[in-house]
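Structure first, commentary second.
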Ligand code: GTR
């Protein structure tokens, strides 16, 4: 496997890989096969005057990220008399976020809704909103990403052949495991914790004295059952929809990351659109954000009630400051460029929010 591709697949110790570098080095065989399959699906999606944009999501059809893109599709149809439309393949049907993102970069997929984590290996500024204990609340995150800071982060993806359309909520991530409640970082010592494919996440877990195992979301349930991992970390709706709570019933409220989801379009597809259509796509994406936020808040409440009724064991952590302090060195390791430092400062300066 070429070196550049290995970096995006495993995460890196050194900062950031450029997708153009990967392009010149070649795609993995799996991604090429997936791209072929995606192209086949695409040609089957005829719509009035064109074809629907093909989009991917790892979550099931009723998850708020998927229904938000459905809402965006509805707006597009309405505003173009059905000429522009989106067809989402939900539930990870087209592959993991890492694989489908590679395909999106190369134009085999038109759109993709992913977490920021797999983009961390591609673009340094995407690590900023994913830093542990940066945002104090969802509200703080929303305000930062609704400001020019958010636009700047979305625009940073263009040089990697992705058009950042909008951010969606992802709430706060908490640890869950099969063994015991976590109250202090010491409780995590030696635990094997699954993380998304991102060096930043690997470093966060190591900073707490646990072992990090990067893998795709679809593999987590089996890995918990088989004891390959002891736990993972995610928000309430993902913990519930992946049914991870059935095997890992200890959910400890660390709130260590409040990072957004992002909706991207392949630049190859984007460049084929007329300027007015590009504007329509961008606007429909932005207009789907309030819809998503409303449904997200409801989904969090619903998942929480469902899981409490199912008997999971939830606990607050003893000393949030101890977790924040243990994870703080991660900031120094990943915030290295002037651009990153400036964005971080601007986000921190919004101190009165939330
Ligand atoms: C979820 C997120 C997914 C995916 C997943 C993960 O919260 O919505 O896009 O990144 O986490 O942990 O892999």
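Residue numbers (my numbering): 3 to 356.
The C-beta atom is built at its ideal place from N, Cα and C for all residues, glycine as well.
Rounded to the nearest whole angstrom, the CA to CA distance from residue 121 to residue 128 is 7 Å.
Taking non-hydrogen atoms of the ligand GTR into account, the C-beta of residue 172 is found less than 6 Å away from one of them.
Using a Cβ-Cβ distance cut-off of 8 Å, the segment 224 to 244 and the segment 97 to 115 are not in contact, since fewer than three pairs of beta carbons, one from each stretch, lie closer than that value.
Taken through DSSP and simplified to helix, strand or coil, residue 59 comes out as strand. Judged by the Cβ position, residue 58 fails to qualify as a neighbour of the ligand GTR at the 6 Å threshold, every heavy atom of the ligand being at least this far. With respect to the 7 Å criterion, residue 78 and residue 286 are classified as neighbours on the basis of their beta carbons.
A straight-line Cα-Cα distance of about 22 Å links residue 168 and residue 343. Judged by the Cβ position, residue 205 fails to qualify as a neighbour of the ligand GTR at the 6 Å threshold, every heavy atom of the ligand being at least this far. In this chain, residue 278 is not harboured by any beta strand (DSSP E); it is covered by the alpha helix (DSSP H) spanning 277 to 311.
Inter-residue distance for residue 259 and residue 54 is about 34 Å (C-alpha atoms, whole angstroms).
For residue 254, the enclosing beta strand (DSSP E) has its first and last residue at 252 to 259.
Going by C-alpha positions, residue 133 is about 20 Å away from residue 218. For residue 199, no beta strand (DSSP E) segment is defined, and its DSSP state is neither H nor E. Within the chosen limit of 6 Å, the ligand GTR does not reach the beta carbon of residue 262 with any heavy atom. Around the beta carbon of residue 160, a 10 Å sphere encloses fewer than 16 other beta carbons of the protein chains shown; the residue is thus reported as exposed.
For the set 251, 195, 351 and 242, the Cα lying nearest the Cα of residue 225 is the one of 195. The residues 180, in chain order, have a CB closer than 8 Å to that of residue 229 in the same chain once the five nearest residues on each side in sequence are set aside.
The Cβ-Cβ distance between residue 328 and residue 210 falls below 7 Å.
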